[in-house]
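Residue numbers (the working numbering), protein chains in the order written: chain A, -18 to 166; chain B, -18 to 166. Ideal Cβ placement from N, Cα and C applies to all residues, glycine included.
There are 2 protein chains.
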Amino acid sequence: MALEHAILVSLLEQPGSGYELARRFDRSIGRFWTATHQQIYRVLRRMEADGWIAAEPVAQDGRPDKKVYSAAEAGRVALAGWLREPVEPETVRHELAVKIRAAAFDDPAALISEVERHRDGHAALLSRYLHGEQRDFPDLTSLDTRQELQHVVLRGGIEYERMTLAWLEDVLATLRRLAADTRRP
Amino acid sequence: MALEHAILVSLLEQPGSGYELARRFDRSIGRFWTATHQQIYRVLRRMEADGWIAAEPVAQDGRPDKKVYSAAEAGRVALAGWLREPVEPETVRHELAVKIRAAAFDDPAALISEVERHRDGHAALLSRYLHGEQRDFPDLTSLDTRQELQHVVLRGGIEYERMTLAWLEDVLATLRRLAADTRRP
DNA sequence: ATTGCCTATGCAACTCGTTGCATAGCAGGA
DNA sequence: TCCTGCTATGCAACGAGTTGCATAGGCAAT
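In structure tokens:
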């Protein structure tokens, strides 16, 4: 399980409440790790009990109080240990690939609009990444270690989206060709 | 949940026992959907109860009896319905990306061997895909619908591995540069 | 002879992840 | 004024996924 570790990284980069973490997981962190607020609150309580993080209650006016968490030394040590462990067979769940192969037993044309939706979603994400890159890394010649590492992860996201986009166009061309073939074979 | 649907696709392509399905999920299907034998047996029982698949006991000599499942009409209909539903935000779990960002709070050099391991794994997988392509699709000019769709999914796998490989080399170069910088800044 | 691996299925216990709902005050628009 | 939405945290129930173990015969190598 790496949710603890993803939370630790996020808290090391910037302390925050459970709610704030949930929003980060909807944005930047969510690029490579997703989590709902339920998961996050549960894990935060466990991590606090284990001494990995420390909580400080913060009163706010006009809105509910919050608990701001920050990474503790024990958490940083646990993270360093995890870094040195070999990991994961990376479980894959690619629903669209299942659908494409399933289309052989139904109508390939029925999938076209669904694939177009995915393509548009990936195109939008790529454009968000590229804008985010320009905003957060305007000068690529002077980055510190943290920024270098954030940027190489972002480059991975960008390349992934580019590749996915090209593949989805390939899928669409294939589906359209098959649909035309079955209409007048 | 798409495990049912992945199993249906596999059984439509070729009937088989739970054990055989489990092995397929370790090989080709496992490229885009993973599952253990436990999950598979449980889901098979439910699908049989729902009338999506039919089971036929097959006696074998020299080894235990098996139950060979095949997709039923109700299953095919369910699969066609699922094809037409919009789906999934595709939950992402990219442990290596978490590790890379975590390295900013520890020693970037500690990650190098881990990333090299991943790179080697992806290189081996790419080579398996390319050999599988040559074996299963020797003549790309005469494919039926099913093969066309299988091949476009395989192309996706190949492009994914190529992209990942290039990115991991980028990650390695970045980590090595950062490691050199911190040794003599 | 024993050990280990392969086929084949399954139970039990557990953890992880998701969904629906609840509370509660404040802000902004129809 | 009412409705919607945001901040902020949490409970309860369920479903999905993992891990360890069990059975049981056959095969091959040590």
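Span of the beta strand (DSSP E) holding V(-10) of chain B?
-> It is not in any beta strand (DSSP E) - V(-10) of chain B instead sits in the alpha helix (DSSP H) that spans -16 to -6.
Touch check for the segment -2 to 15 of chain B and the segment 96 to 112 of chain A: three-plus C-beta pairs under 8 Å?
-> no
Give me the Cβ distance between A160 of chain A and A90 of chain A, rounded to the nearest whole Å; I'm assuming they're in contact under 8 Å.
-> 4 Å
May I ask which residues mark the beginning and end of the alpha helix (DSSP H) holding S108 of chain B?
-> 93 to 117
For P38 of chain A, the three-state DSSP class (helix, strand or coil) | strand
Same chain, Cβ closer than 6 Å to A35 of chain A, five either side skipped, listed in chain order = S51, A53
Identity of the residue in B:E129, B:D162, B:L149 nearest R158 of chain A by Cα | B:E129
Using a Cβ cut-off of 9 Å, which residues of the segment 126 to 148 of chain A contact any Cβ in chain B, in chain order?
-> T126, R127, Q128, E129, L130, Q131, H132, V133, V134, R136, G137, G138, E140, Y141, R143, M144, T145, A147, W148
Is G43 of chain A helix, strand or coil when you go by DSSP?
-> coil
Do we get a CB-CB distance below 9 Å when we pair W33 of chain B with the residues of chain A?
-> no
Residue from A:Q41, A:I(-12), A:P45 with nearest C-alpha to W33 of chain A | A:I(-12)
Taking Cβ-Cβ distances shorter than 9 Å, what residues in chain A pair up with D87 of chain B?
-> R57, L60, A61, L64, R65
Please decide whether T122 of chain A counts as near chain B, where near means a Cβ-Cβ distance under 9 Å.
-> no
Mind reading off the beta-carbon distance from K47 of chain B to V39 of chain B? Whole number of angstroms is fine, and I expect it under 8 Å.
-> 5 Å
Could you list which residues in chain A have their beta carbon closer than 7 Å to that of E95 of chain B, in chain order?
-> P67
In this structure, does DSSP put V49 of chain A in helix, strand or coil?
-> strand
Taking the Cβ atom as the reference point for each residue, do V152 of chain A and V96 of chain B lie within a distance shorter than 9 Å?
-> no
Whose Cβ in chain B lies nearer than 7 Å to the Cβ of T17 of chain A?
-> Those do not exist, as T17 of chain A stays about 10 Å from chain B at its closest Cβ, beyond 7 Å.
Where the alpha helix (DSSP H) containing G62 of chain A begins and where it ends = 54 to 65
Taking all protein chains shown into account, decide if T72 of chain B is buried (16 or more other Cβ within 10 angstroms of its Cβ) or exposed.
-> exposed
Residues that D151 of chain A contacts on chain B, provided the C-beta gap is smaller than 7 Å = V133, R136
Taking 9 Å as the CB-CB cut-off, is I81 of chain A touching chain B?
-> yes
Residue nearest to L(-7) of chain B in terms of C-alpha spacing, selected from B:S9, B:Q41, B:L60 | B:L60
Test: F13 of chain A CB closer than 9 Å to a CB of chain B = yes
Ranges of the alpha helix (DSSP H) found wholly within the segment 128 to 156 of chain B, counting only runs of at least 4 | none
Coarse secondary structure for G(-3) of chain A, derived from DSSP in three states = strand
For R74 of chain A, does the three-state DSSP call read helix, strand or coil?
-> strand
Would a C-beta distance cut-off of 9 Å place V49 of chain B and E37 of chain B closer than the cut-off?
-> yes
Roughly how many angstroms separate the alpha carbons of D87 of chain B and V79 of chain B, rounded to a whole number?
-> 13 Å
Span of the alpha helix (DSSP H) holding L25 of chain B?
-> 18 to 30
Across which residues does DSSP place W33 of chain B in a beta bridge pair?
-> In DSSP, W33 of chain B forms no bridge with anything.
Cβ of A85 of chain A within 9 Å of Cβ of Q131 of chain B?
-> yes
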